[in-house]
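Undergrad: One structure, pasted below without further comment.
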């Protein structure tokens, strides 16, 4: 009974969701415009309910959320190495994304969901590799 | 009208909306959600299925709650690390009470030649710039207090898992550092023996780092020193510290070895090469010939050497050609009586072992992995050059090779 209530709620939500959700592609690359080991694009603004597909153009990468760099109420995601995951973002806010083996090399990106013009408080305050922090800062400035 | 209900005429994104938004609505209950996945290459690498963050928070809370260890009255000493195959200065029998032994290791990613003849090279991941990392020697009940630093110019995340330690994945869970960071870990050496340590950053990065040279050994001596099976003391004059390293180097189409601009650049291709489980090289102390020719180990007739053999990843079988293992702790545990008079001993991947031998004849001894393919073709050979007087009782060439007429 509870389950059917929840699915009813989900469908109701679905029907009331904005109608034109889109899918964006982000490439995982050994070399791109910003240097080695990059997501491209590395700053991406999408609407609530849009989907991002991570493309394994080069091998050896994954896409996963960075702990402490996601809005409250959102759920962590972790792709496997070489896996092309699609992630739907339903909670507005800023998301830090990393490639696990190349995090220290600065392979990160920011996805802004919704219209918020600044990341949630403390977004950049967690402990992270210097190269990742520098790129996160540049990516936030690019919005 | 039919045009409108024909889904083929609707824009693709519109179809995604219809299908996707139901999922999105369901996902709204839990937040963002992974809606699908396509392996783009044949070999996606599984994620380690670790307990969730709550478990780690519980561990953290227990650490914060724990009573402080009583280290009052313990003497602190600093052990200066030296490059393999050498051992740091140490006592074989401990004097005084247990100590806190401070050691420092610096993570250094550096381009190293694996085989000069073929030009094979690797962005090795090292502790203190050598493969294997330095040998640490303490006594049972001593404390090892490691300061682990990572050079700012490094590219990757590192940590250390001591098989000799207890808790937190061997310290691996408490020592993750990024370039330019440092951390200090103290652990008590409760078990006597020789033990592997290695980097273990998680998932496929573990074999990637270990197979790039990031491993070494700790020797925890009994406080009253080594003993034979009857409890008689055993002492040595020298230590030969040998780290056997299997490398899996990616090749170009023409068979030559690939070169890379940076540590970390070879990740994807290394994973593919490691998946074969067939090393391109298996070498002692980092490269082909590191312990042969002019780099051979030296000893003398009558001297006793303790050969410590570390292999963090793969089984091996050391053999001293022309000699023996007089006393062998092949599993590495000094709690067990040593085996005696062995020809070849077995070191399990992920462990270190020790073998003691007293030289009785001068000349050259080869110390090999007695899978002879690995010794002769993949590089797993070292030499001892031993000075002293020949003993005809043990061996004599009765007739030099001559034409036999047979």
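Protein chains in written order, with the numbering used here: chain A, 1 to 143; chain B, 1 to 406. In this text, a Cβ means the ideal position worked out from N, Cα and C, and glycines have one as well.
#1: Anyone know if the C-beta pair for residue 243 of chain B and residue 77 of chain B falls short of 8 angstroms?
#2: To the nearest angstrom, how far is it from the Cα of residue 144 of chain A to the Cα of residue 334 of chain B?
#3: Residues of chain A with a CB under 7 angstroms from the CB of residue 204 of chain B: which are they?
#4: Between the segment 162-196 of chain B and chain A, which residues of the former have CB atoms less than 7 angstroms from a CB of the latter, in chain order?
#5: Identify the contact partners of residue 155 of chain B in chain A, using a Cβ-Cβ distance below 7 angstroms as the criterion.
#6: When we look at the beta-carbon of residue 390 of chain B and count the other beta-carbons within 10 Å, is it buried (16 or more) or exposed?
#7: Applying a beta-carbon distance threshold of less than 9 angstroms, which residues of chain B neighbour residue 108 of chain A?
#8: Per DSSP, which one or two residues make a beta bridge with residue 219 of chain B?
#9: Excluding sequence positions up to five away, which residues of its chain have a Cβ less than 8 angstroms from the Cβ of residue 137 of chain A?
#10: From this set, A:45, A:28, A:37, which residue's C-alpha is nearest residue 141 of chain A's C-alpha?
#11: Decide if residue 311 of chain B is buried, meaning its Cβ has at least 16 other Cβ atoms within 10 Å, or exposed.
#12: Consult DSSP for residue 58 of chain B and reduce its assignment to one of helix, strand or coil.
#13: Taking 8 angstroms as the threshold (beta carbon to beta carbon), is residue 119 of chain B in contact with chain A?
#14: Rounding to the nearest angstrom, what Cα-Cα distance links residue 49 of chain A and residue 68 of chain A in this structure?
#15: Note down the Cα distance separating residue 284 of chain B from residue 178 of chain B, rounded to an integer number of angstroms.
#16: Measure the alpha-carbon distance for residue 325 of chain B versus residue 58 of chain A and round it to whole angstroms.
#17: Under a three-way DSSP split, which group does residue 35 of chain A fall into?
#18: Mark residue 133 of chain B as exposed unless 16 or more other C-beta atoms lie within 10 angstroms of its C-beta, in which case mark it buried.
#19: Within 10 angstroms of its Cβ, does residue 314 of chain B collect 16 or more other Cβ (buried), or is it exposed?
#20: Tell me which residue opens and which closes the alpha helix (DSSP H) that residue 134 of chain A is part of.
#21: In the DSSP assignment, find the beta strand (DSSP E) that holds residue 84 of chain A and state where it starts and stops.
#22: Can you tell me whether DSSP reads residue 377 of chain B as helix, strand or coil?
#23: Taking a Cβ distance cut-off of 8 angstroms, strictly less, list which residues of the segment 29-51 of chain A are near chain B, in chain order.
#24: Any beta carbon of chain A sitting closer than 8 angstroms to that of residue 108 of chain B?
#25: Output, in sequence order along the chain, the residues in the segment 117-140 of chain A whose CB is closer than 9 angstroms to any CB in chain B.
#26: DSSP state of residue 314 of chain B, grouped into three classes?
#27: If I measure Cβ to Cβ from residue 183 of chain B and keep anything under 6 angstroms in the same chain, skipping five residues before and after, which residues do I get?
#28: Give the residues of chain B in contact with residue 78 of chain A, contact being defined as C-beta atoms less than 8 angstroms apart.
#29: Going by Cα to Cα distance, which pick from B:194, B:376, B:254 is closest to residue 307 of chain B?
#30: Say whether chain B places a C-beta atom closer than 8 angstroms to the C-beta of residue 142 of chain A.
#31: Under a CB-based cut-off of 8 angstroms, is residue 44 of chain B close to chain A?
#32: What is the rounded straight-line gap between the Cα of residue 72 of chain B and the Cα of residue 55 of chain B?
#33: Shorter than 8 angstroms from the beta carbon of residue 252 of chain B to some beta carbon of chain A?
#34: Return the residue from the list A:91, A:33, A:56 that minimises the CA-CA distance to residue 114 of chain A.
#35: Quick check on this structure: which residue in B:356, B:349, B:376, B:387 has the alpha carbon closest to the alpha carbon of residue 364 of chain B?
#36: Do we get a CB-CB distance below 8 angstroms when we pair residue 249 of chain B with the residues of chain A?
TA: Per the coordinate set shown:
#1: Mapped onto the second chain, residue 243 of chain B falls at position 243. Mapped onto the second chain, residue 77 of chain B falls at position 77. Cβ atoms of residue 243 of chain B and residue 77 of chain B: not closer than 8 angstroms.
#2: The structure shown does not extend to residue 144 of chain A, since chain A is modelled only from 1 through 143, so no value can be given for it.
#3: In the second chain, the residue the question calls residue 204 of chain B occupies position 204. Those within 7 angstroms of residue 204 of chain B in chain A are 81.
#4: 178, 179, 180
#5: By 1-based counting over the second chain, the position of residue 155 of chain B is 155. What residue 155 of chain B touches in chain A: 104, 105.
#6: Reading the second chain from its first residue, position 390 is the one you call residue 390 of chain B. Result: exposed.
#7: As a working note, residue 108 of chain A is residue 108 in the first chain. The premise fails here: residue 108 of chain A is roughly 13 angstroms from chain B at the closest Cβ pair, so nothing lies under 9 angstroms.
#8: Stepping through the second chain from its first residue, residue 219 of chain B is reached at position 219. Beta-bridge pairing links residue 219 of chain B to B:137, B:194.
#9: On the first chain, residue 137 of chain A is found 137 positions in, with the first residue counted as 1. So the list reads 124, once near-sequence residues are dropped.
#10: The sequence position of residue 141 of chain A within the first chain is 141, counting from 1. Closest option to residue 141 of chain A, Cα to Cα, is A:45.
#11: As a working note, residue 311 of chain B is residue 311 in the second chain. Result: buried.
#12: Start at 1 with the first residue of the second chain, and residue 58 of chain B comes out as number 58. Reduced to three states, the DSSP call for residue 58 of chain B is helix.
#13: Walking along the second chain from the start, residue 119 of chain B turns up at place 119. Closer than 8 angstroms: no.
#14: If you number the first chain from 1, residue 49 of chain A lands on position 49. If you number the first chain from 1, residue 68 of chain A lands on position 68. Cα to Cα, residue 49 of chain A sits roughly 21 angstroms from residue 68 of chain A.
#15: On the second chain, residue 284 of chain B is found 284 positions in, with the first residue counted as 1. On the second chain, residue 178 of chain B is found 178 positions in, with the first residue counted as 1. In a straight line, the C-alpha of residue 284 of chain B is about 28 angstroms away from that of residue 178 of chain B.
#16: Against the second chain, residue 325 of chain B aligns to sequence position 325. Against the first chain, residue 58 of chain A aligns to sequence position 58. The straight-line gap from Cα to Cα measures roughly 49 angstroms.
#17: Position 35 of the first chain, counting from 1, holds the residue named residue 35 of chain A. In the structure shown, residue 35 of chain A sits in a strand (DSSP, three-state: E or B).
#18: Here residue 133 of chain B refers to the residue found at position 133 when the second chain is read from its first residue. So residue 133 of chain B ends up on the buried side.
#19: Residue 314 of chain B sits at position 314 when you count from the first residue of the second chain. Burial call: buried.
#20: What you label residue 134 of chain A is simply residue 134 of the first chain in a count that begins at 1. Residues 130-141.
#21: Residue mapping note: residue 84 of chain A aligns to position 84 of the first chain, counting from 1. Start and end: 83-88.
#22: Working through the second chain from its first residue, we reach residue 377 of chain B at position 377. The answer is coil: DSSP assigns residue 377 of chain B none of H, G, I, E or B.
#23: 30, 36, 37, 49, 51
#24: If you number the second chain from 1, residue 108 of chain B lands on position 108. No, no contact with chain A.
#25: 127, 128, 129, 130, 131, 132
#26: In the second chain, residue 314 of chain B corresponds to position 314, counting from 1. Here residue 314 of chain B sits in coil by DSSP.
#27: Numbered from its first residue, the second chain carries residue 183 of chain B at position 183. Closer than 6 angstroms at Cβ, skipping near neighbours: 148, 175, 177.
#28: The sequence position of residue 78 of chain A within the first chain is 78, counting from 1. Ordered by position in chain B, the residues that pass the 8 angstroms Cβ test against residue 78 of chain A are 47.
#29: Here the question's residue 307 of chain B lines up with position 307 in the second chain. Nearest of B:194, B:376, B:254 to residue 307 of chain B, Cα basis: B:194.
#30: Residue 142 of chain A sits at position 142 when you count from the first residue of the first chain. By this cut-off, residue 142 of chain A is not an interface position.
#31: Walking along the second chain from the start, residue 44 of chain B turns up at place 44. Closer than 8 angstroms to some Cβ of chain A, the Cβ of residue 44 of chain B qualifies, so yes.
#32: Sequence index remark: in the second chain, residue 72 of chain B carries index 72 (1-based). Sequence index remark: in the second chain, residue 55 of chain B carries index 55 (1-based). Roughly 32 angstroms separates the two Cα atoms.
#33: Numbered from 1 along the second chain, position 252 holds the residue referred to as residue 252 of chain B. No - not a single Cβ of chain A is within 8 angstroms of the one on residue 252 of chain B.
#34: The residue labelled residue 114 of chain A in the question sits at position 114 within the first chain. Minimum Cα distance to residue 114 of chain A is reached at A:91.
#35: In the second chain, the residue the question calls residue 364 of chain B occupies position 364. Selected option, being the one with the closest Cα: B:387.
#36: Stepping through the second chain from its first residue, residue 249 of chain B is reached at position 249. Taking Cβ atoms only, chain A never reaches closer than 8 angstroms to residue 249 of chain B, which makes this a no.
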